[in-house]
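Step one of this worksheet: look at the structure below.
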């Protein structure tokens, strides 16, 4: 997103250069770009001079939008029943009898953990919503940097 945030939006950035710079496969990048395009954050331009461009000003695109476009909006943590499997709570009465437990409260600890993760996820998303791509990009003379990465990326293919 940083490469695209600085890229002159009149000049598409070739996906092969982006993948090469990031050290990822073009097929993986294509999957990410498809998700970002589906969320209308980027668009692809076909042809020899084609590539990827942002659809909006980077100061209008929040990190939350990018995160949700790539990762989706589903919850980080779900109750999978793993605790019940670990402790064998599908056989709760037998478990209680084996260990001579008269009152076993097994659901409240799970609910407590899920509540903590739920609050953490809410805070995480709130913080991502506060920051835009434009706010994490470099500036020069107090102005956002906007350039065509193509020449640089062809000469310096990776960050290694």
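Numbering (the numbering used here), first residue to last: 974 to 1133.
In this text, a Cβ means the ideal position worked out from N, Cα and C, and glycines have one as well.
- Using a C-beta cut-off of 8 Å, the region 1081-1090 makes contact with the region 1044-1059, since at least three inter-stretch Cβ pairs fall below that distance.
- In this structure, 979 is the residue among 979, 1040, 1128 with its C-alpha nearest to the C-alpha of residue 1032.
- Note that the region 1021-1035 touches the region 978-993; at least 3 beta-carbon pairs, one per stretch, sit closer than 8 Å.
- Taking all protein chains shown into account, residue 1042 has 16 or more neighbouring C-beta atoms within 10 Å of its C-beta and is therefore buried.
- For residue 974, the CB contacts under 7 Å within the same chain, skipping 5 residues up- and downstream, are 1039, 1106 in chain order.
- For residue 1112, the CB contacts under 7 Å within the same chain, skipping 5 residues up- and downstream, are 1118 in chain order.
- Along the region 990-1026, the beta strand (DSSP E) occurs as fully enclosed runs of 3 or more residues at 1015-1018, listed in sequence order.
- Here DSSP, grouped into helix, strand and coil, assigns residue 1071 to helix.
- Minimum Cα-Cα distance from residue 1004 among the listed residues 994, 1044, 1030 corresponds to 1044.
- Under the three-state reduction of DSSP output, residue 1120 falls in the strand class.
- Counting C-beta atoms within 10 angstroms of its own C-beta, residue 999 has fewer than 16 neighbours from the protein chains shown and is therefore classed as exposed.
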